[in-house]
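Numbering (this note's numbering), first residue to last: 5 to 324. The C-beta atom is built at its ideal place from N, Cα and C for all residues, glycine as well. What follows is a single structure, written as structure tokens, with notes after it.
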């Protein structure tokens, strides 16, 4: 908290970005990786005081029935988490401060693009690689299957004039990280390779309704590790069985483990996933439906490096 704001990692990243862009004399593309918010949770300068710990919400409680994967995550989190409520509140307040600092730095970059006359020609996408448990369910980091670790921001600012109909809208549709590459390629007028699983977000960003957009979201987590306290040892699993996959829509969430019992949640009745329904007989039919949907997703998204390609006397033929 005592570090000067202008010496923070977020300020440094923005300084280097502005410096690099200022030297470009033609079209450019840059991926800016802001490493905050990230442990250690200590915001810089005024951002360390931006949020009063007394005002931040306390974490969600731990589920009544703790899954083995959750139990393993708890052992990691308990070793790193603050010991009392005051420490938990301070951790969360510092995290919020780091988020606000990144917001401010992105704003500084946008102001400079406006000064240079580049803002109206620049596609801007702001997102994150993962979320943070922040003590929810008594966990820290990006552990496992929880929405808190995988539900991340996504802001798309398309400079084209026909985007005006969608500008400023909040879109409640399921998107995935795999949509970013097709979005950038379409913006550049380039073809999206057959191997891409995702879809461009530009139609949604421009205010158009996409009738066949996905109605569910998926993610996977590999929790194998190394060392004496790794997942293989803690859970009694071989390395390749230390993985999970999730399918989630607006109604249910199904979590499948390669070597552990599954989880199933009714999101309407239990939005924070505190009550696992997988052992409940009446939930079995719905759980089977989601297991089958996950199998279909895994089949459709399996590696297809050469799918749609045929060798011919005239060379390689690529079909869409």
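Backbone secondary structure at residue i - three-state DSSP
i, result
"residue 7", "coil"
"residue 292", "helix"
"residue 319", "strand"
"residue 146", "coil"
"residue 314", "strand"
"residue 260", "strand"
"residue 232", "The pLDDT assigned to residue 232 is 47, lower than 50, so where the model puts this residue is not dependable, and the model offers no usable value."
"residue 159", "strand"
"residue 178", "coil"
"residue 151", "helix"
"residue 16", "helix"
"residue 201", "coil"
"residue 267", "strand"
"residue 75", "helix"
"residue 81", "helix"
"residue 57", "helix"
"residue 51", "helix"
"residue 287", "helix"
Run of the alpha helix (DSSP H) containing residue i, from where it starts to where it stops
i, result
"residue 250", "Careful: residue 250 lies outside any alpha helix (DSSP H), inside the beta strand (DSSP E) at 247-252."
"residue 239", "235-239"
"residue 92", "89-119"
"residue 192", "That residue, residue 192, is in no alpha helix (DSSP H); it is neither H nor E in DSSP."
"residue 208", "206-209"
When the options are compared against residue i, the one with the closest alpha-carbon
i, options, result
"residue 48", "105, 91, 36", "105"
"residue 129", "145, 188, 277, 152", "188"
"residue 260", "301, 286, 237", "301"
"residue 164", "133, 149, 126", "126"
"residue 254", "239, 194, 271, 265", "271"
"residue 74", "294, 293, 35, 265", "265"
"residue 223", "195, 312, 283, 149", "149"
"residue 307", "212, 54, 199", "199"
"residue 102", "312, 15, 305, 61", "15"
"residue 241", "251, 252, 250, 229", "229"
"residue 63", "312, 276, 20", "276"
"residue 218", "183, 246, 195, 312", "183"
"residue 65", "21, 33, 131, 89", "89"
"residue 171", "212, 38, 24, 132", "212"
Pairwise C-alpha distance: residue j and residue i
i, j, result
"residue 180", "residue 210", "18 angstroms"
"residue 214", "residue 274", "29 angstroms"
"residue 41", "residue 70", "28 angstroms"
"residue 191", "residue 197", "14 angstroms"
"residue 120", "residue 315", "48 angstroms"
"residue 232", "residue 263", "Since pLDDT at residue 232 reaches only 47, below the 50 mark, its modelled position is unreliable, and the value read off the structure follows with that caveat. Spanning the two alpha carbons is a distance of roughly 20 angstroms."
"residue 134", "residue 244", "23 angstroms"
"residue 31", "residue 110", "20 angstroms"
"residue 174", "residue 168", "14 angstroms"
"residue 5", "residue 57", "Summary for residue 5: the model assigns pLDDT 45, below 50, so the residue's position carries little reliability; its value from the coordinates is reported in the next sentence. Distance between the alpha carbons of residue 5 and residue 57 is about 13 angstroms."
"residue 159", "residue 318", "44 angstroms"
"residue 51", "residue 9", "8 angstroms"
"residue 116", "residue 321", "45 angstroms"
"residue 157", "residue 55", "20 angstroms"
Whole-Å CB distance - residue i paired with residue j, under 8 angstroms assumed
i, j, result
"residue 92", "residue 139", "5 angstroms"
"residue 18", "residue 76", "Not really, about 38 angstroms apart at Cβ, beyond 8 angstroms."
"residue 235", "residue 227", "5 angstroms"
"residue 258", "residue 298", "6 angstroms"
"residue 152", "residue 178", "Not quite, the Cβ-Cβ distance comes to about 17 angstroms (not below 8 angstroms), so this is no contact."
"residue 186", "residue 161", "Contact flag wrong, Cβ pair sits at about 17 angstroms."
"residue 45", "residue 123", "Contact flag wrong, Cβ pair sits at about 32 angstroms."
"residue 267", "residue 280", "5 angstroms"
"residue 205", "residue 72", "Wrong, their Cβ atoms sit about 37 angstroms apart, outside the cutoff."
"residue 278", "residue 67", "5 angstroms"
"residue 78", "residue 137", "About 11 angstroms; that fails the 8 angstroms criterion."
"residue 96", "residue 60", "5 angstroms"
"residue 305", "residue 201", "5 angstroms"
For residue i, the first and last residue of its enclosing beta strand (DSSP E)
i, result
"residue 224", "221-226"
"residue 131", "128-131"
Contact test: residue i Cβ vs the ligand MG heavy atom, cutoff 7 angstroms
i, result
"residue 95", "Looking for the ligand MG in the displayed structure turns up nothing, as the structure carries no ligands at all."
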